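Numbering (my numbering), first residue to last: 23 to 152.
The beta-carbon is built from N, C-alpha and C at its ideal position, and this holds for glycine as well.
Every value quoted in this text rests on a predicted model; they were computed, and no experiment measured them.
This report refers to the structure that appears directly beneath it.
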Amino acid sequence: MARRAGSDGGRERIVTGVADGAEDGGGTVDSDSGTADSGPPPGRRPGSCPAPSPESCPELRPEPHPEPRPVPAGPHVRTLLGAHVLGALAPEEDRRVVDHLAGCELCGTAYLEVAGMPSLLALCDEDDLL
């Protein structure tokens, strides 16, 4: 509890609460009349804030849906990637795969996933693979 001069300059007020300017629901009492002010507005808990909304809080905004990737033009290379990596395609087919990979990000990503297979297969015993 603290004593402060009122805003009218002359009357002293007794202030209950925690710290200067803290809105903790503490009221003030007029030392002349002994009446208390009302504190926070009705229907609102002391110290509470309104519920956040997506407009006021970026964390509550839904994430935008990514644009669907276009279906790649040209041959569907994914089924040929394993054979391409192992060098088992005919030269014409191999050339088509290489040309397609140069312009298709989706198939290029799939190629990177299987590109290390030959070195892994080289570590295996041939009898174990058959």
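- Beyond the five residues adjoining it in sequence on each side, Pro140 comes within less than 7 Å, by CB distance, of Val107 and Leu108 in the same chain, given in chain order.
- Taking a cut-off of 8 Å for Cβ pairs, the segment 129 to 149 and the segment 100 to 120 touch, as three or more such pairs fall below it.
- Assignment of Ala105 by DSSP, reduced to helix, strand and coil, places it in the helix class.
- In the three-state DSSP reduction, Gly138 falls in the coil class, being neither helix nor strand.
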